[in-house]
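The structure under discussion appears below in the form of structure tokens.
Number of protein chains: 4
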Amino acid sequence: MTVPERLIDAATSLFAEKGFDRVAVQEIVERAGVTKGAMYHYFGSKDDLLREIYGRVLRMQQERLEKFAADTDPVAERLHAAAADVIITSVENYDAAKVFFRSVDSLPAEIRKDVRAERRKYHERFRALIEEGQAGGEFRADVPADLATHYFFGTVHHLGTWYRLDGPLKPEQLARHYADLLLASLRHQH
Amino acid sequence: MTVPERLIDAATSLFAEKGFDRVAVQEIVERAGVTKGAMYHYFGSKDDLLREIYGRVLRMQQERLEKFAADTDPVAERLHAAAADVIITSVENYDAAKVFFRSVDSLPAEIRKDVRAERRKYHERFRALIEEGQAGGEFRADVPADLATHYFFGTVHHLGTWYRLDGPLKPEQLARHYADLLLASLRHQH
Amino acid sequence: MTVPERLIDAATSLFAEKGFDRVAVQEIVERAGVTKGAMYHYFGSKDDLLREIYGRVLRMQQERLEKFAADTDPVAERLHAAAADVIITSVENYDAAKVFFRSVDSLPAEIRKDVRAERRKYHERFRALIEEGQAGGEFRADVPADLATHYFFGTVHHLGTWYRLDGPLKPEQLARHYADLLLASLRHQH
Amino acid sequence: MTVPERLIDAATSLFAEKGFDRVAVQEIVERAGVTKGAMYHYFGSKDDLLREIYGRVLRMQQERLEKFAADTDPVAERLHAAAADVIITSVENYDAAKVFFRSVDSLPAEIRKDVRAERRKYHERFRALIEEGQAGGEFRADVPADLATHYFFGTVHHLGTWYRLDGPLKPEQLARHYADLLLASLRHQH
DNA sequence: TATGAATGAGTTTTCATTCAT
DNA sequence: TATGAATGAAAACTCATTCAT
Chain U
55 MTVPERLIDA
65 ATSLFAEKGF
75 DRVAVQEIVE
85 RAGVTKGAMY
95 HYFGSKDDLL
105 REIYGRVLRM
115 QQERLEKFAA
125 DTDPVAERLH
135 AAAADVIITS
145 VENYDAAKVF
155 FRSVDSLPAE
165 IRKDVRAERR
175 KYHERFRALI
185 EEGQAGGEFR
195 ADVPADLATH
205 YFFGTVHHLG
215 TWYRLDGPLK
225 PEQLARHYAD
235 LLLASLRHQH
Chain H
55 MTVPERLIDA
65 ATSLFAEKGF
75 DRVAVQEIVE
85 RAGVTKGAMY
95 HYFGSKDDLL
105 REIYGRVLRM
115 QQERLEKFAA
125 DTDPVAERLH
135 AAAADVIITS
145 VENYDAAKVF
155 FRSVDSLPAE
165 IRKDVRAERR
175 KYHERFRALI
185 EEGQAGGEFR
195 ADVPADLATH
205 YFFGTVHHLG
215 TWYRLDGPLK
225 PEQLARHYAD
235 LLLASLRHQH
Chain B
55 MTVPERLIDA
65 ATSLFAEKGF
75 DRVAVQEIVE
85 RAGVTKGAMY
95 HYFGSKDDLL
105 REIYGRVLRM
115 QQERLEKFAA
125 DTDPVAERLH
135 AAAADVIITS
145 VENYDAAKVF
155 FRSVDSLPAE
165 IRKDVRAERR
175 KYHERFRALI
185 EEGQAGGEFR
195 ADVPADLATH
205 YFFGTVHHLG
215 TWYRLDGPLK
225 PEQLARHYAD
235 LLLASLRHQH
Chain L
55 MTVPERLIDA
65 ATSLFAEKGF
75 DRVAVQEIVE
85 RAGVTKGAMY
95 HYFGSKDDLL
105 REIYGRVLRM
115 QQERLEKFAA
125 DTDPVAERLH
135 AAAADVIITS
145 VENYDAAKVF
155 FRSVDSLPAE
165 IRKDVRAERR
175 KYHERFRALI
185 EEGQAGGEFR
195 ADVPADLATH
205 YFFGTVHHLG
215 TWYRLDGPLK
225 PEQLARHYAD
235 LLLASLRHQH
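Residue numbers (our numbering), protein chains in the order written: chain U, 55 to 244; chain H, 55 to 244; chain B, 55 to 244; chain L, 55 to 244.
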């Protein structure tokens, strides 16, 4: 693995573990097995490492959502697949996801603005799926799609505080359950 | 308002805004309109302020949940009321709730342990309601109650990142929608 | 002496000796006999110390020049007295004067702008004296007053690189010689 | 232009602009359009660049002064010519002259010693001219020649802080005025 | 009760220089 | 000749906390 990759990995795991502000650059370079100078050769600052982590998560999530949303299956199936995929990838990149949700306020103001804008776009793409289902009559329309989207991503956000990769629940089970709950809450009740 | 109260209020709003680690004691005392010496007269440390905020939130949530859970209404109604109440109180104490969810890792290790233990008790009380509904046949049993509880509290946790008190959605509407979504996801589908 | 005064004195002598950029804050506080924290209690930054030194020199020189210029003696006498006084005060505040002339480029850009504006005002007040003598016919008019002013202040500027307080030449002698040379260069030649 | 020449030029302009200590090697090589490795191939250190700049200025000034001093014209004319020439060459090599006067304290101690010795020799050669005029009766003898020499070089030193090559005053005019002022201050007054 | 000067450990960052290629 | 990744020492600055008053 290259030095920058080792640094990103070390930073990701440490930021996930203790929070950006409680991690010293010294710890990051020690975990990566390099010196501080090397870090500043590749990254302009500690903030830069965080920015890079955000960039990677955003790019990955956007690509994957797009793939699922653009499919031709019925909307309920596409939403279920996309929701399950968010869970799976969040769990597979557990540390990065944790950092993503908890360290927004540690980003420099201008980057934070950009990140929020990208997240909003992502949120809107997801919401559009729900609206599509509501327009087509599959989903109940008495819940604002925007609110349902927040509702679901809240659960994703929260994963980092309780889910254990080494626990009894496999990522696929977790993902299916969560996607089921989302769909259940959107379907018409009898 | 007394000096300690002013300090707690100032600390709560600042911690909510920027995160515990990005707030200097100097800022807190300035916002509270007192001096550092005064703060250290009433609180042993900056950590102490955080601990106090956690204590208040925990005590309040536990009391309220107990009140709703101990009622004699049908379980679905009790769960709906309890869920809606969590939302309402979180929104009414927006800053404290934000701090509560985001600053666990800034607590000193031993306090963090206590806080987690209390939260677990709270979580279990809520889960017990769901299990009661599953045992009685009102709720679907194919979703682990523990997971559904996490699912719901994730949405509460997440509120702090998007809900705006001054937005168009009133707390009561928000609470009803969220409680509806929870109940909808637990009911049997047709 | 108070702590801020001790710090200013230590900084002045060290900046004069080695130049602002070659002096570590650690050296300053050691010479002042305090800790770094104490320095940052009184001064916002290392730059701040430099700014303060500039402010003091500027205030003193402006006041003194004004006093001499506003007199009612013949202009040649007033110019001679003012010129000699610049030398005397520069020599009496040797370190501060050295810093003043050599560290402009180490000032933060905005402060540098202010300092230059103040110096210009000072320069213009001095130049006005020369122009007064030219207008009255005492001084030769074939040398631009502005240029003569620069000419003289160059010699003051330069003092720091060669004059030794502990040398054979007393400040008063130095001052008289320099003021004589200035006046000589301005008088009509036979 | 060769690589070493480009490096010297880049270093000279940057040192003149910001001062030796505020210029990073990285900036120098960027302005010169080469890499750090290349610089360290030709120069042993950043100090080495500064030493080279001092060497060039010293050699040039010494040669030129010698040429003017060794002439057979009357001493007043030789001094006037030498003085004007110092101004002209300082202005023609504005950046190098600026560096020469302002960065002595950034030279490594031993080099600084050498540079000061060479400057002293130069100063003495100039002073000898004044003493020659005093011995011959052309110049007033009541001003120490040493002091008059410092007086004049102070003005040269100072040029870098106010003279603008693109201003209204041409180098030749400046040089003539300054040489005139020097001679005027040395002549007997009526 | 309250002040605020002072501490000192810890933080991020810079940068001249080296060296394997 | 030249590259540029990597080093490591030193720098400025922050901040929770203490303590004499």
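Where a beta carbon is used, it is the ideal one built from N, C-alpha and C, also for glycine.
Note that the structure is a prediction, hence the values are computed from the model and not measured.
- Per DSSP, the unbroken alpha helix (DSSP H) holding H134(L) starts and ends at 129-146.
- Chain-ordered listing is empty here: chain U has no CB closer than 8 Å to the CB of S144(H), the nearest sitting near 12 Å.
- Nearest in C-alpha terms to Y94(U), of all of P128(U), P58(U), L240(U), A189(U), is P58(U).
- Bridge pairing for F193(L): R241(L) [DSSP].
- Between A163(L) and chain B, the shortest Cβ-Cβ separation is not below 9 Å.
- Between G191(L) and V129(L) a beta carbon distance of about 10 Å is seen, past the 8 Å cut, so the two are scored as non-contacting.
- Residue-level contact check: D139(H) does not touch chain U, since none of the beta carbons of chain U fall below 9 Å from its beta carbon.
- Remark: three or more beta-carbon pairs, one from each stretch, lie closer than 8 Å, so the segment 57-73 of chain U and the segment 84-91 of chain U are flagged as touching.
- For Q188(H), not one C-beta of chain U is nearer than 9 Å to its own C-beta.
- Fewer than three Cβ pairs drawn from the segment 131-146 of chain B and the segment 234-243 of chain H lie within less than 8 Å of each other, which leaves the two stretches out of contact.
- By a beta-carbon distance limit of 8 Å, F180(B) does not contact A238(B). Their separation comes to about 17 Å.
- Using a Cβ-Cβ cut-off of 9 Å, P198(U) counts as an interface residue toward chain H, since at least one Cβ of chain H sits closer than that to its own.
- The three-state secondary structure of A182(L), taken from DSSP, is helix.
- For F207(L), the chain B residues whose C-beta falls within less than 7 Å of its own C-beta are H212, listed in chain order.
- Residues of chain B with a Cβ closer than 7 Å to the Cβ of S239(L) are, in chain order, L235, A238, S239.
- Taking a beta-carbon distance threshold of 9 Å, R166(H) does not count as an interface residue toward chain U.
- The Cβ-Cβ distance between H134(H) and D234(H) falls below 9 Å.
- Excluding sequence positions up to five before and after E185(B), its CB lies within less than 6 Å of the CB of A199, all in the same chain and listed in chain order.
- The C-alpha of S160(H) lies about 55 Å from the C-alpha of T215(B).
- Contact with chain B is found for T215(L), since one of that chain's Cβ atoms lies less than 9 Å from the residue's Cβ.
- In this structure Y217(B) is not in contact with Y205(L), their Cβ atoms being roughly 11 Å apart against a cut-off of 8 Å.
- Under a criterion of Cβ atoms nearer than 7 Å, the residues of chain U adjacent to Y232(H) are, in order, Y205.
- Note that the C-beta distance between H212(U) and H212(H) is below 9 Å.
- Excluding the 5 residues flanking it on each side, E81(L) has same chain C-beta neighbours closer than 7 Å at L68, in chain order.
- I165(L) and R105(L) have their C-alpha atoms some 7 Å from each other.
- Minimum Cα-Cα distance from Y96(L) among the listed residues A150(L), A70(L), P222(L), L61(L) corresponds to L61(L).
- Contact check for R110(B) against D139(B) fails: the beta carbons are separated by 9 Å or more.
- Spatial neighbours of K100(U) in its own chain (CB-CB distance under 6 Å, excluding positions within 5 residues in sequence) are listed in chain order as V79.
- For the C-beta of R156(U), the chain H residues within less than 7 Å are, from N- to C-terminus, R156.
- Take the alpha-carbon of D125(H) and the one of E131(H): they are about 10 Å apart.
- Around the beta-carbon of Q188(B), 16 or more other beta-carbon atoms lie within 10 Å, marking it buried.
- Contact of Q243(H) with chain U by beta-carbon distance below 7 Å involves A238, R241.
- In terms of CA proximity to R194(B), L236(B) leads the group A171(B), D75(B), L236(B).
- In the structure shown, the three-state DSSP call for P58(B) is helix.
- Note that the C-beta distance between D149(U) and A229(U) is not below 9 Å.
- In this structure, the beta-carbon distance from R173(L) to L112(L) falls below 9 Å.
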